[in-house]
Amino acid sequence: MFKGRYNHSVDAKGRTSLPARFREALAGTHDDRMVLTTALDDEYPHIVAYPYSGWREFEEKLSAKPSFDPSVILLKRLYVSSAVECSVDGHGRILIPPFLKEHAGIGREAAWLGMTGFVELWEPRRWEAAYGSAAARIREIREGLVGLDL
-15 MFKGRYNHSV
-5 DAKGRTSLPA
5 RFREALAGTH
15 DDRMVLTTAL
25 DDEYPHIVAY
35 PYSGWREFEE
45 KLSAKPSFDP
55 SVILLKRLYV
65 SSAVECSVDG
75 HGRILIPPFL
85 KEHAGIGREA
95 AWLGMTGFVE
105 LWEPRRWEAA
115 YGSAAARIRE
125 IREGLVGLDL
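In structure tokens:
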């Protein structure tokens, strides 16, 4: 569904354009809403954005888990409580809530990254650092992929 990397500016109100290819993918869900939340990455904070239907699927799976499981409780506290439903406006823009912009360190520019079923939204220099860190571990990553049958 979502793939590729695109940089877009962020205006003073916190609006940024959803990349055209991502808008096309979102149109395939017959919805113009996304759910933004904090990524569970303590080294490189960023934002995760799901199409509304994808977020609903995630919530349904989470609801089926034992509600008193400590991991489920923490996931809800960190991930679900930070989730915000955002509409894509008529110009293809989405408003990033201030607390999420601050969490991700996003200023005047944002990097949109397609991750198949969802999107990540990064401060571009932070993304470059994370990418460099991952590239330095390519052998380890490649070895971990062996059993995944991709």
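Residue 56 in our numbering sits at position 72 of the sequence shown, with consecutive numbering throughout.
Don't be surprised by glycine CBs; every beta carbon is placed ideally from N, CA and C.
Anticipated Cβ contact below 8 Å, residue i with residue j, distance rounded
i, j, result
"Val68", "Leu84", "7 Å"
"Pro108", "Glu93", "5 Å"
"Ser71", "Arg17", "5 Å"
"Ala33", "Phe102", "6 Å"
Beta-carbon proximity list for residue i, same chain, < 8 Å, skipping 5 on both sides
i, result
"Thr13", "Pro35, Tyr36, Ser37, Gly38"
"Val56", "Leu46, Lys49, Pro50"
"Asn(-9)", "Glu93, Ala94, Ala95, Trp96, Pro108"
"Arg110", "Tyr28, Pro29, His30, Ala88, Gly89"
"Arg(-1)", "Asp73, Arg77, Ile78, Leu79, Ile80"
Sheet register partners of residue i (DSSP bridge)
i, result
"Thr21", "Val32"
"Ile78", "Thr0"
"Arg(-11)", "Leu97"
"Val(-6)", "Thr0"
"Ser71", "Arg17"
Other residues of its chain near residue i: CB distance less than 7 Å, five sequence neighbours each side excluded
i, result
"Leu24", "Leu62, Tyr63"
"Lys15", "The sequence given here has Asp at residue 15, not Lys. Hits under 7 Å: Pro35, Tyr36, Ser37."
"Arg5", "Gly(-12)"
Residues of its chain near residue i, where Cβ-Cβ distance is below 6 Å and the 5 sequence neighbours each way are ignored
i, result
"Ile31", "Leu20, Leu84, Ala88, Leu105"
"Leu137", "Lying outside -15 to 134, the shown extent of the chain, residue 137 is not represented and no answer is given."
"Leu58", "none"
"Arg7", "Gly76"
For residue j and residue i, the rounded distance between their alpha carbons
i, j, result
"Ala11", "Glu112", "29 Å"
"Asp53", "Glu43", "16 Å"
"Thr100", "Arg40", "16 Å"
"Ser117", "Phe(-14)", "23 Å"
"His75", "Thr22", "25 Å"
"Ala120", "Asp(-5)", "34 Å"
"Ala114", "Glu27", "9 Å"
"Ile78", "Ser1", "6 Å"
"Pro82", "Asp73", "18 Å"
"Pro3", "Ser(-7)", "11 Å"
"Leu132", "Glu124", "14 Å"
"Leu134", "Gly91", "36 Å"
Cβ-heavy atom distance, residue i to the ligand COA, below 6 Å
i, result
"His87", "The ligand COA is absent from the structure shown, which contains no ligand whatsoever."
Task: Those runs of the alpha helix (DSSP H) which lie wholly inside the region 81 to 121 and span at least 4 residues - done: Complete alpha helix (DSSP H) runs here, min 4: 82 to 88, 108 to 120.
- prompt: What alpha helix (DSSP H) runs, 4 residues minimum, are completely inside the region 40 to 69?
  reply: Qualifying alpha helix (DSSP H) stretches, in chain order: 54 to 59.
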